[in-house]
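In our numbering, the protein residues as written are 257 to 426.
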């Protein structure tokens, strides 16, 4: 099982640091910096005001499954088609589509909106401040920027391996 730890508890934070150093997953709740971002970003129009009408990379799938793949390889020679495609949406366009997801079949198109540095910084997400080592950032010098993904309700991200450390915030 995955350990569920309370950030407000000093012993739990120490356990989280040990798990981080052992590169083992853990669930941390009651994290003030995460709560701060959730409050700020969930205000109506907050992200639209921050990001404006710029379009950002968005993955599209014909259903609710997002299968990750790397390159095209030899499968492309046999007519293989990637399981997802890329498009661009504004945050307002993505948000409108995400609200539709609650009344959408799993066999209809779904979208995964992506933001990366420099569009999103530690100012936007203090939890990911890489100026120092923290519970969530073990090696600041190895950090390759902040990458945020916003998925619609019902999305399934198929099992896959990421070559870098990840933090999932829900």
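Here a beta-carbon is modelled for each residue, glycine too, at the ideal position from N, C-alpha and C. Source: prediction; values computed, not measured.
In the structure shown, what three-state DSSP assignment does residue i receive?
i           : result
residue 273 : helix
residue 386 : coil
residue 307 : helix
residue 353 : helix
residue 412 : strand
residue 324 : coil
residue 267 : helix
residue 391 : coil
Taking residue i as part of the alpha helix (DSSP H), name the residues at either end of that continuous run.
i           : result
residue 291 : 288-297
Using the Cβ count rule (16 or more neighbours within 10 Å means buried), how would you classify residue i?
i           : result
residue 336 : exposed
residue 386 : buried
residue 317 : buried
Check for me: the beta strand (DSSP E) holding residue i runs from which residue to which?
i           : result
residue 263 : Segment: none, residue 263 is in no beta strand (DSSP E) and carries neither H nor E.
residue 285 : 282-285
residue 373 : Here residue 373 belongs to no beta strand (DSSP E), and DSSP marks it neither H nor E.
residue 456 : A question about residue 456 goes unanswered here, because the residues of the chain that appear run from 257 up to 426.
TODO: Take every Cβ of the segment 365-382, pair it with every Cβ of the segment 275-287, and state whether three or more of those distances are shorter than 8 Å.
DONE: no
Open item on the list: Count Cβ pairs between the segment 379-390 and the segment 350-362 that sit closer than 8 Å; are there 3 or more?
Closed with: no
Open item on the list: Does the contact criterion of 3 or more C-beta pairs under 8 Å hold for the segment 361-372 versus the segment 384-395?
Closed with: no
Task: Three-pair Cβ contact test at 8 Å for the segment 259-270 versus the segment 295-315 - done: no
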